[in-house]
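Asker: Starting off with a structure, shown below.
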Amino acid sequence: MEKFLEKPDFLQDIFVEESWKNIDKIDSFIEEKAKEEDFSVSREEVDGLFRTMHSIKGSASMMGYPSISETAHSAEDLFSYLREEENPAQKDLKTILQLLRMVSGFMKRELRRMETDEEVTDFGWAVVRRIKNFLAHVDNENEPEGPSYQIAYTRKGKQIIPYTNFASLIPQMERLASIMGRELSKEFTVKVSGADTEVPRDIFDKISMAVLQMMKNSMDHGLENTSVREQLGKTPIGEISLEIQKAGQRVFVVFRDDGRGLDKHGILETAHEKGLLKKLEEEYEDNEIFAFLLRPGFTTKSRATMFSGRGVGLDVVNATISALGGSIRIESREYMGTTFFMEFPVIS
């Protein structure tokens with residue numbers, strides 16, 4: 001279960017408010033179509049639904065609510081089916097309405113739990129499973145030629161893996177920069193290259209959450225406010241950049257900021273206090289020092305803020321990359337910034 005209490009209150013409030021508005025749009029569509037005995041869905045309506053659900057998914061992913069983002073992800077698959085199927089049967093359209101009611105109902109229950117600081121349930125998997133079963137059923141009935149709907153399910157013994165690029169991550173990064181910048185009285189710009197790089201969608205979701213977590217760390221820990229940057233002779237606005245490249249069966253992701261850099265002395269001091277040092281401090285190379293930050297519960301902050309300092313952050317990023325069979329390396333220079341180099345395999 002995911003605890004809502006550890007989320008910054010104002011971020012959660014924004015997420016809840018925006019999610020209610022988006023779910024209202026989904027509900028309005030359901031109610032309108034349910035009034036008709038026979039109905040159709042236009043491409044314009046499908047595109048609108050897709051954008052609405054994608055917004056919910058992106059915000060939930062940014063906030064670290066996988067049960068909601070995965071349910072929204074499956075709802076997107078329904079809309080992909082409607083985009084591709086020229087004349088879906090009425091019984092299938094009515095089933096889709098029922099599934100959307102389930103999606104909406106689940107999300108509304110979770111939002112109410114957030115509003116009362118309760119724990120989220122993991123019941124979203126039941127909705128996801130029903131959607132996948134429905135799509136597998138209609139696909140077997142229609143037997144289209146070639147890959148359809150970009151849905152991950154089994155057809156005739158062969159798994160179809162949906163791919164996506166990183167373009168949809170950009171607005172999430174920009175929104176996070178705007179929200180945190182306002183709360184921290186800092187200014188940031190976000191630059192992304194290689195957003196057209198395609199990876200399996202489940203990998204994209206994991207990497208997106210890792211990138212957003214690194215952003216939170218960089219904006220809270222690393223990037224200075226305008227006055228400090230000007231005193232250091234830097235540009236007044238901090239910069240965060242993300243580069244994505246694919247070479248053969250491996251993907252390379254580089255995340256960097258131009259902030260104050262990592263405090264090697266502070267890291268070693270914390271490592272010493274935790275009993276993690278296995279040799280003299282002066283014998284540690286930079287990469288070994290920075291690797292301490294990837295350990296669970298490791299933080300150099302003595303006081304937790306609304307964004308960090310609880311020892312949850314880079315260890316989650318490291319666990320995500322490791323689970324993908326990849327690796328992460330950190331480089332940093334004082335007053336110049338910090339760079340994270342990540343790579344992981346992608347099997348077609």
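In terms of full-length UniProt numbering, the sequence shown has 211 at position 211, counting the first letter as 1, and numbering is strictly consecutive.
A virtual CB, placed ideally from N, CA and C, is assigned to each residue, including glycine.
For clarity, every value in this text was computed on a predicted model and none was experimentally measured.
#1: Is the beta carbon of Q98 closer than 7 Å to that of D38?
#2: What ranges does the alpha helix (DSSP H) occupy inside the region 166-192, keeping only unbroken runs of at least 4 residues that lie completely in it?
#3: For the region 319-339 against the region 287-299, are there 3 or more C-beta pairs whose distance is under 8 Å?
#4: Kindly list the residues whose CB is nearer than 7 Å to the CB of R329, restricted to its own chain and excluding five residues on each side of it in sequence; keep chain order.
#5: Just list the alpha helix (DSSP H) runs in the region 5-92, keeping only unbroken ones of 4 residues or longer that don't cross its boundaries, in chain order.
#6: Which of the three DSSP states, helix, strand or coil, is assigned to Q249?
#7: Determine whether the beta carbon atoms of F106 and V138 lie at a separation below 7 Å.
#8: Under the rule that 16 or more other beta-carbon atoms within 10 Å means buried, what is I23, buried or exposed?
#9: Along the chain, which unbroken stretches of the beta strand (DSSP E) at least 3 residues long are found entirely within the UniProt domain "Histidine kinase" (211-348)?
#10: To the nearest angstrom, report how far apart E174 and L82 are at their CA atoms.
#11: With a Cβ-Cβ cutoff of 7 Å, do D257 and T197 count as a contact?
#12: Output needed for K274: all residues of its chain with C-beta closer than 8 Å, excluding positions within five of it in sequence on either side, in chain order.
#13: Short check: CB of Q249 to CB of P345, under 7 Å?
#14: Considering only the alpha carbon of each residue, which of G238, S208, V41, L93 lies closest to L184?
#15: State the CB to CB distance for the pair F15 and M53, rounded to an integer number of angstroms; the pair is presumed to be in contact (CB under 8 Å).
#16: If we call anything under 7 Å between Cβ atoms a contact, is F255 one with M219?
#17: Would a C-beta distance cut-off of 7 Å place L169 and S208 closer than the cut-off?
#18: Under the DSSP definition of a beta bridge, which residues are partnered with V199?
#19: For G259, collect the residues of the same chain with a Cβ closer than 7 Å to its Cβ; drop the 5 residues on either side in sequence, then sort them by chain order.
#20: Assuming Y335 and G266 are in contact, meaning their beta carbons sit under 8 Å apart, how far apart are those beta carbons, in whole angstroms?
#21: Quick check: what's the CA-CA separation for R333 versus F290?
#22: Could you check what DSSP says for G124 in three-state terms: helix, strand or coil?
#23: Any idea if E230 is buried or exposed, counting beta-carbon neighbours within 10 angstroms, 16 or more meaning buried?
#24: Which class does G194 belong to by DSSP, given the choice of helix, strand or coil?
#25: Please list, in chain order, all residues of the same chain as E70 whose beta carbon is under 7 Å from its beta carbon, the five residues on each side excluded.
#26: So what's E118 in DSSP terms, helix, strand or just coil?
#27: From L49, R112, V41, pick the residue whose C-alpha is nearest to that of K25; which is it?
#28: Quick one: is K35 buried, meaning 16 or more other Cβ sit within 10 Å of its Cβ, or exposed?
#29: Going along the chain, which residues of its own chain have a beta-carbon closer than 8 Å to the beta-carbon of I30, five neighbours each way excluded?
#30: When the Cα atoms are used, what is the spatial distance from G326 to E343?
#31: On the criterion of 16 or more Cβ atoms from any shown chain inside 10 Å, does I68 qualify as buried, or is it exposed?
#32: Alpha carbon to alpha carbon, how far is E285 from T270?
#33: What residue from E115, N87, F79 has the CA that sits closest to I131's CA?
#34: For K234, which option in L268, S193, V253, F188 has the closest C-alpha, if you only look at C-alpha atoms?
#35: Have a look at E84 and H73 and give me their C-alpha separation to the nearest angstrom.
Answerer: Looking at the coordinates:
#1: no
#2: 169-184
#3: yes
#4: N287, F341
#5: 9-34, 43-63, 66-84
#6: coil
#7: no
#8: buried
#9: 238-247, 250-257, 327-333, 337-345
#10: 30 Å
#11: no
#12: F298
#13: yes
#14: G238
#15: Contact doesn't hold; Cβ gap of about 15 Å is too wide.
#16: no
#17: yes
#18: T164
#19: S218, G222, L223, E224, G238, G337, T338
#20: With 8 Å as the limit, Y335 and G266 do not qualify as a contact, their Cβ atoms being about 15 Å apart.
#21: 11 Å
#22: helix
#23: exposed
#24: coil
#25: G124, V128
#26: coil
#27: L49
#28: exposed
#29: L97, L100, R101, S104
#30: 5 Å
#31: buried
#32: 16 Å
#33: F79
#34: F188
#35: 17 Å
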